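Here our numbering is used: the first residue of the sequence shown is 122, the next is one more, and so on. C-beta atoms are modelled at their ideal positions from N, C-alpha and C, and glycine is treated no differently. Keep in mind that this is a model prediction, so the values were computed, not measured.
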Amino acid sequence: MVRLDRSSSLMLFALAACSHSAPVQMGGTPDAGAIQSADASVGPAPQNGAAWWRDDVFYEVFVRSYADSNGDGIGDFRGLQQKLDVLNDGDSATRTDLGVDGLWLMPIFASPSYHGYDVVDYRAVNPDYGTLADFDALIAAAHARGIRVVLDFVLNHSSSEHPYFLDAKSGENAVHRRRYLFRGDDPGWKQPFGSNPVWHRTGNEYYYGVFWSGMPDWNLADPAVEIDLIDAMRFWLARGVDGFRIDAARHLFESATGDLSDQPQSHAFIKRARAALSAEYPEVLLIAEAWTSLAQVAPYYGDADEFHLAFGFDTAAAIKTSAGDGNRADLNQHVSRLRRTYRDSAFEAPFLANHDMQRVMAILRNDRAAMRVAAAALIAMPGTPFVYYGEELGMIGGPTTKDEDKRTPMPWNGTAPGFGFTTGTSWYSAAEAAGVDVESQRNIEGSLWSLFRDLIALRHGQRALTHGDISQPALTGGGKGTAGILRSSENQKVLFIANFDRAASAPVEIAVSGVPRVLLSEGLSDAPQSRGELLSLGAMNPQSYAFIALE
Ligand SMILES: [Ca+2]
Ligand SMILES: [Ca+2]
Ligand SMILES: [Ca+2]
């Protein structure tokens, strides 16, 4: 029943780029309970940092899996640098690039693991990925194209092979003993997100590691640890890095009684780190990985003095559920909660999936039409969107739910065995379906890659999408899959309307005024008609959507 008419329905009209400078208020209804702000007063939200990211679309890269420049089967800095022109060539007039303006690099520091989330040296790059000079060259090449770069920073824990931990576990009088958490007995605490024990035996004592024994948590209450880690962040900022994605932000501190998430000391730590870093680097961007519900993520905003952005895990779930089920309910309820919970909806970093999740296309069971509506919904959301590498191709990933299968090498062409990722033997192999590669899709009209490019270009040209408030105008008619989101800036309104259903809807009317102009649409059967305070869209085709400017 999937009808996907690509022949005539994709329209894109790029508008002139908007100003990037003026601080702009975000609307939304304050909810003092959720924000936990001392002065969560009604009115404009404060400017939360430099806010350059509000115009940007980010792209998450696993360097090991992106592009291998030297044939050793491992992606590296030079490989990524060689592919930058596919991501953004620095020329807004060309359309041969995806147009993303931010990169989040998963951990690149020295580490014994393939993923890098257990660091042994916070000031050294993983030699698998190249040298520090290669890294510097990558940052310079990214900046030359207008791409900013944020690094994954694992504040919560180190590797159990970190020299400080090797020293600390040697005994009570070790020099670095206080940098980690030891005790003589196991209190029996379990992970807040799982059922594994968090105290790990070494000799006749125990150390704390919320993820596993290979990742001992730092004792962040130790001033030497705080100074060291913030200094390590300075080290990378001085090299030109634009910010950090803070891993496991919920678990920085833990209470003496075993409450292992969202402790007040974690908030205080981030405020101190931000104040210290912002004083020297006013444009720094700090992004929270707080993998929890909207209401529990919201406090990480602080008083616009804590994180600048937080990933929208509930947003990801809502979009995927609505697209997968063909039902608007999840997205509608989520947007309503977002409006009630966030004083500043620009705090959101919406996304569809990341390296810890099964890929979107796997969740959507390879329904490419559902994937396209999901991508459009992502671009309609407030905040700063993130795309996970390969999402723009519809990568499925490997066949299992293990982490490596969520982080498989990027297919650059359809030629086995390396698929353009490597000329050697890939560190990990998982073949995608035919056509799921860059060469088959880049600049091919109708491809998912081209849709992502067009959606990103649309967003860049519409201030209502990058800076606008979000509201949910009343919708009549339609069906279980029809949803409308209105984004409004000072002088611009853009309506996103979708039918997630795999069946056509009844005629739809939505309570917005203005002369409609379709900016980008897919599968829209009738031209939208303004009828006073209502916009009439006619019956909507299965899995169709449109972005409509109201002028
Ligand atoms: Ca390599
Ligand atoms: Ca370009
Ligand atoms: Ca911790």
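Ligand 3 heavy atom lying under 8 Å from the CB of residue i
i	result
V331	yes
N247	no
D338	yes
E375	yes
N317	no
H388	no
H283	no
N475	no
L341	yes
H429	no
N534	no
D277	With the sequence shown as reference, residue 277 is identified as Asn, and Asp is not the correct amino acid for it. N277: yes, Cβ under 8 Å from ligand 3.
Per DSSP, cross-strand counterpart(s) of residue i
i	result
I260	Answer is none; I260 lacks a bridge partner.
I591	R608
I517	Partner(s): none; I517 has no beta bridge.
L341	The partner list for L341 (beta bridge, DSSP) is empty, contrary to what the question assumes.
H278	D338
A409	I367, A431
V319	Partner(s): none; V319 has no beta bridge.
I618	G605, A667
I631	L596, L656
E76	With the chain represented from 122 up to 672, any question about residue 76 goes unanswered, as that position is not in the structure.
beta-carbon residue i near ligand 1 non-hydrogen atom, thresh 8 Å
i	result
G220	no
T323	no
S651	no
D255	no
Residue i, buried or exposed, once every other Cβ within 10 Å from all chains shown has been counted against 16
i	result
A760	Here the chain comprises residues numbered 122 to 672, so residue 760 is not present and cannot be evaluated.
K523	exposed
E643	buried
A265	exposed
I348	exposed
A667	buried
T378	exposed
N169	buried
G148	Below a pLDDT of 50, predicted positions are generally treated as unreliable, and G148, at 33, falls in that range; no measurement from the model is reported.
D306	exposed
I111	It is not possible to answer for residue 111, since the shown part of the chain is limited to 122 through 672.
G653	exposed
N294	exposed
G567	exposed
E513	buried
P284	exposed
A159	With a pLDDT of 33 at A159, under the threshold of 50, the modelled position of that residue is not reliable, and no figure is offered here.
L373	buried
N247	buried
N475	buried
R638	exposed
Supposed close pair residue i, residue j - CB separation, criterion 8 Å
i	j	result
Y301	Y327	Actually they are not in contact, since the Cβ atoms of Y301 and Y327 sit about 11 Å apart, beyond 8 Å.
S609	G589	5 Å
G194	S547	5 Å
D210	H581	Rounded, the Cβ-Cβ distance is 14 Å, inconsistent with contact.
L407	G361	In fact, because the Cβ distance is near 16 Å, the residues do not count as touching under 8 Å.
N620	P663	7 Å
M492	L499	That pair is no contact at about 11 Å.
L607	V633	6 Å
F179	V207	That pair is no contact at about 16 Å.
F472	F432	6 Å
G504	F468	7 Å
K441	A490	That belief does not hold up - the Cβ atoms of K441 and A490 are roughly 14 Å apart, past 8 Å.
T529	Y549	6 Å
Q479	G518	7 Å
S350	Y243	Here the sequence assigns Leu to residue 350, which means Ser is not the residue at that position. L350 to Y243, Cβ: 7 Å. Contact.
Closer than 8 Å: residue i CB and nearest ligand 2 heavy atom
i	result
G223	no
G582	no
D109	Beyond the ends of the chain as shown, which are 122 and 672, falls residue 109; an answer cannot be given.
N209	yes
R269	no
T252	no
R563	no
T217	yes
*asked:* Would you call the region 402-416 in contact with the region 255-263, where contact means no fewer than 3 C-beta pairs closer than 8 Å?
replied: no
_Three or more C-beta pairs under 8 Å: does that hold for the region 370-388 against the region 449-458?_
no
*Under a criterion of Cβ closer than 5 Å to any non-hydrogen atom of ligand 4, which residues qualify, in chain order?*
Here the bound small molecules are ligand 1, ligand 2 and ligand 3; ligand 4 is not part of this structure.
*Examine the Cβ distances between the region 338-345 and the region 268-280 and report whether three or more of them are shorter than 8 Å.*
yes
_Touching by the beta-carbon criterion (3+ pairs, under 8 Å), the region 535-545 and the region 231-243_ = no
*Is there contact here, the region 212-230 with the region 311-331, by at least three beta-carbon pairs under 8 Å?*
no
*Are three or more beta carbon pairs between the region 592-601 and the region 567-579 nearer than 8 Å?*
no
*When the Cβ atoms of the region 302-322 are set against those of the region 245-256, are three or more pairs found closer than 8 Å?*
no
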